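Q:
Protein chains in written order, with the UniProt record's numbering: chain G, 1 to 365; chain Y, 1 to 343.
(1) For residue 288 (chain G) and residue 254 (chain Y), what's the separation of their Cα atoms in angstroms?
(2) Report the neighbours of residue 352 (chain G) on chain Y: residues whose CB is nearer than 7 Å to its CB, in chain order.
(3) So, for residue 63 (chain G): in the same chain, excluding its five sequence neighbours on each side, which residues have a beta-carbon less than 7 Å away from its beta-carbon?
(4) Could you work out which residues of chain G lie near residue 96 (chain Y), taking near to mean beta carbons separated by less than 8 Å?
(5) Let me see if you follow: with CB-CB separation under 8 Å, is residue 302 (chain Y) close to chain G or not?
(6) Between residue 242 (chain Y) and chain G, is the shortest Cβ-Cβ distance under 8 Å, so that the two count as touching?
(7) Kindly say whether residue 319 (chain Y), judged by its beta-carbon, lies nearer than 8 Å to any beta-carbon of chain G.
(8) Between which two residues does the alpha helix (DSSP H) holding residue 171 (chain Y) run?
(9) In the structure shown, what three-state DSSP assignment does residue 129 (chain Y) receive?
(10) Please give the ranges of any alpha helix (DSSP H) in the region 42-107 of chain Y, keeping only runs that are unbroken, at least 4 residues long and fully inside the region.
(11) Pop quiz: residue 90 (chain Y) and residue 272 (chain Y) are said to be a contact at Cβ under 8 Å. What is the actual Cβ separation, rounded to whole angstroms?
(12) Quick one: list the residues of chain G neighbouring residue 181 (chain Y), beta-carbon separation under 8 Å, in chain order.
(13) Just the C-alpha distance for residue 198 (chain Y) and residue 81 (chain G), rounded to the nearest angstrom, thanks.
(14) Using beta carbons (cut-off 8 Å, strictly below), is residue 200 (chain G) in contact with chain Y?
(15) What residues match up with residue 95 (chain G) in a beta bridge as DSSP calls it?
(16) From residue 5 (chain Y) to residue 24 (chain Y), what does the alpha carbon distance come to, in whole angstroms?
(17) Quick check for students: name the residue ranges of the beta strand (DSSP E) that lie wholly in the region 170-251 of chain G, counting only runs of 3 or more.
(18) Using 8 Å for Cβ pairs, my map puts residue 119 (chain Y) next to residue 262 (chain Y). What's the rounded Cβ distance?
(19) Exposed or buried, what is residue 213 (chain G) when buried is set at 16 or more other beta-carbons lying within 10 Å of its beta-carbon?
(20) In whole angstroms, what is the alpha-carbon distance linking residue 67 (chain Y) and residue 35 (chain Y)?
(21) For residue 31 (chain G), report the span of its beta strand (DSSP E) as first-last.
(22) Does the region 311-321 of chain G come close enough to the region 166-185 of chain G to have 3 or more Cβ pairs within less than 8 Å?
(23) How would you call residue 156 (chain G), buried or exposed, if buried means at least 16 neighbouring beta carbons within 10 angstroms?
(24) Helix, strand or coil for residue 38 (chain G), going by three-state DSSP, please let me know.
(25) Taking Cβ-Cβ distances below 9 Å as the criterion, which residues of the region 232-266 of chain G are in contact with chain Y?
(26) Where does residue 277 (chain Y) fall in DSSP's three states?
(27) Can you check whether the CB of residue 228 (chain Y) is closer than 8 Å to the CB of residue 190 (chain G)?
(28) Cα separation between residue 295 (chain G) and residue 162 (chain Y)?
(29) Within the same chain, show all residues whose beta-carbon is closer than 7 Å to that of residue 341 (chain Y), passing over the 5 residues directly before and after it, in chain order.
(30) Is it true that the CB of residue 344 (chain G) sits closer than 8 Å to the CB of residue 267 (chain G)?
(31) Taking C-beta to C-beta, are residue 45 (chain G) and residue 304 (chain G) nearer than 8 Å?
(32) What first and last residue would you give for the alpha helix (DSSP H) that runs through residue 324 (chain Y)?
(33) Compare the C-beta of residue 326 (chain G) against all C-beta atoms of chain Y and say whether one is closer than 8 Å.
(34) Excluding the five sequence neighbours on either side, which residues of its own chain have a C-beta within less than 7 Å of the C-beta of residue 182 (chain Y), listed in chain order?
(35) Under 8 Å Cβ-Cβ, which residues of chain Y neighbour residue 349 (chain G)?
(36) Could you run through the region 150-178 of chain G and flag, in chain order, every residue whose CB is less than 7 Å away from some CB of chain Y?
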């Protein structure tokens, strides 16, 4: 029995998985006894994005007010002694880490929320989640909270509260995407002005600092922001892995899901919570870098050509967008720096306009 | 004695109701003005306010009322009326209940005009940069409407709001880009951007009134056309209304009013959204009544928000723009939850 070839009996489940029922565009990968179906194009996109991201990161570490040879940058990266320890290790590396992690978090958050709402416009930075996190963080800053260890919790609380309020007000015997988006936009406007209020309340220097933070700048970000962010994201990683699987069940309709024994309501709630927390954490660390959560999942989906929004590729795209935007922001208008949020908005807003003009707003959803 | 009253003219009870509410709005406006003159870090008794207004004096109360609160109140009156009328007209010409100069990104367009005037063109007087504000407001308004009308379903509320949000975000990034590269403009801009009446002096009021007058004339001129348009484009055409002209003249009026209001007090959110609905609830849908009522109620709300902002925090002020945003959101939520906004 153990020696028979798997192709022998056509009726056996194992055989079917190998031959007939393998979906188009998937490849079978075996690792010992385990085997996976891998989406070919998705895998290629992920590999390509990773290569691009690595190249962008290396460029980021090498380019600044002074140029660093790639060899020296790599030395610093791997902890070897180097003359460039100060510029690369102290300034560029931690700042880049914040950008990488925040970008990835924005990408995944956008993917989750857009999947749930089945609407590319329902990204956390359009519907008030990022603005809630911003308002809470700027508020905490102007009222004297300086501990970076506390900031992630403050911003998550703000983002969750905004999402919860938006959801509560849009709920009316069911949740209509259009109503949710409209109310979310209203909340975003109001929360922005609350943030402005905090800016005028505080001490001038704090206000100045908060103002720069508000535009989504990575300027001056260091390990103090990078380390808490990394821990929080690490803690959320099992959740993201769960989400990558659970996401598929959400795409099915309610009846099918019930028949399959999936508690769709709970799954949706879990995905929404995860998306809001990720977006808020990223906002807390990097400021409201607008449109990354909107853009990254859409780019990723076009690259992979999947029906579902792929989480891994969204994360990679988000990280790539933020790192490249910050690199450009540092170099384009030297000696002044443009905040990364200005650049992402300059790309993201026209994209959003294009989405609306194509009529893909899901206003009927 | 006429045998039948023409159906289009309102009955005596409607007229009585309209006149009654208009009188009430005038009373509310007077009360708001009095409060705005009396309340603040240095409270002045209403009797003293009147005394200070009509008699010369050298005491501190008179000085506070005359030099600080009167100009501020005047600017509040003008900006409140301007934004409320602009909102009314925008809701009329787009036939969209959530239209508002702030939500549609028109205020932000005016703001970008002002920022560019200050930072790039080196214009620092209001009469100088108000033209930039008009240009910015017009460009943003045209862009938002053009974006929203494309694609399926035309300019639906959701698409208008989204187009407004997108254009708003783009313009904010322009402002931020300019301000980070020209640090000197930031301080001049920091307080103005919130939308506030604090520190507005009499010169501003003296400079914007001609623009407000022009805008008011434009929007009143299309009041009848807006009534026709409310019945639907085809019906309006059938009634002999020139729909295109109504939209252009009304849009021009809204742009002038928004530009002048924003140049004077910064982008003040949601005033143009909420006030027209209030006005319509009181005097019905005829624009010849709604526009003047909105012009009376707008300042009531703005001055009320300004006064509330002065007393909420003891140690400082909450800018009026923040207060109107907080008051305005419940309005938007109610509007969206009602069937009024068919998504």
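Glycine included, each C-beta is placed from N, C-alpha and C at the ideal position. Because the structure is a prediction, the values reported are computed rather than measured.
A: Result, derived from the coordinates:
(1) Taking the straight line joining both Cα atoms gives about 32 Å.
(2) Residue 352 (chain G) reaches chain Y at 166, counting residues in chain order whose Cβ is nearer than 7 Å.
(3) Excluding the 5 residues flanking it on each side, residue 63 (chain G) has same chain C-beta neighbours closer than 7 Å at 327, 331, in chain order.
(4) Those within 8 Å of residue 96 (chain Y) in chain G number zero; the least Cβ separation is about 12 Å.
(5) For residue 302 (chain Y), the closest Cβ of chain G is not nearer than 8 Å.
(6) Taking CB atoms only, residue 242 (chain Y) has no neighbour in chain G less than 8 Å away.
(7) For residue 319 (chain Y), a Cβ of chain G is located within less than 8 Å of the residue's own Cβ.
(8) Per DSSP, the unbroken alpha helix (DSSP H) holding residue 171 (chain Y) starts and ends at 157-181.
(9) Helix.
(10) As far as the region 42-107 of chain Y is concerned, its whole alpha helix (DSSP H) runs of at least 4 residues are 46-54, 60-63, 70-94.
(11) That belief holds up - the Cβ atoms of residue 90 (chain Y) and residue 272 (chain Y) are roughly 7 Å apart, short of 8 Å.
(12) Neighbours of residue 181 (chain Y) on chain G, chain order: 333, 336, 338.
(13) The straight-line gap from Cα to Cα measures roughly 57 Å.
(14) So, interface residue.
(15) DSSP lists no partner for residue 95 (chain G).
(16) Unreliable positioning characterises residue 5 (chain Y) in this predicted model, as indicated by a pLDDT of 39, which lies under 50. The coordinate reading is nonetheless provided below. Those two C-alpha atoms are separated by around 28 Å.
(17) Restricting attention to beta strand (DSSP E) runs no shorter than 3 residues, the region 170-251 of chain G encloses none.
(18) A Cβ-Cβ distance of about 16 Å is found for the pair residue 119 (chain Y) and residue 262 (chain Y), leaving them out of contact under the 8 Å criterion.
(19) Per the 10 Å Cβ criterion, buried.
(20) It is roughly 16 Å from the alpha-carbon of residue 67 (chain Y) to the alpha-carbon of residue 35 (chain Y).
(21) 26-31 is the span of the beta strand (DSSP E), which, as asked, contains residue 31 (chain G).
(22) Result no; under three Cβ-Cβ pairs closer than 8 Å.
(23) Buried.
(24) In the three-state reduction of the DSSP assignment, residue 38 (chain G) falls in the strand class.
(25) For chain Y, none of the residues of the region 232-266 of chain G brings a beta carbon within less than 9 Å of one of its beta carbons.
(26) Three-state result, residue 277 (chain Y): helix.
(27) Their beta carbons are not under 8 Å apart, which means residue 190 (chain G) does not touch residue 228 (chain Y) by this criterion.
(28) One C-alpha to the other measures close to 15 Å.
(29) Bear in mind that the predicted position of residue 341 (chain Y) carries a pLDDT of just 49, short of 50, making it too unreliable to give a figure here.
(30) No, they are not a contact pair.
(31) Cβ atoms of residue 45 (chain G) and residue 304 (chain G): closer than 8 Å.
(32) For residue 324 (chain Y), the enclosing alpha helix (DSSP H) stretches over residues 320-337.
(33) It does not; no Cβ of chain Y falls within 8 Å.
(34) Around residue 182 (chain Y): 119.
(35) Going along chain Y in sequence order, the residues near residue 349 (chain G) (Cβ under 8 Å) are 166, 167, 169, 170, 173.
(36) Only those residues of the region 150-178 of chain G whose C-beta falls short of 7 Å from the nearest C-beta of chain Y are listed: 169, 172, 176, 178.
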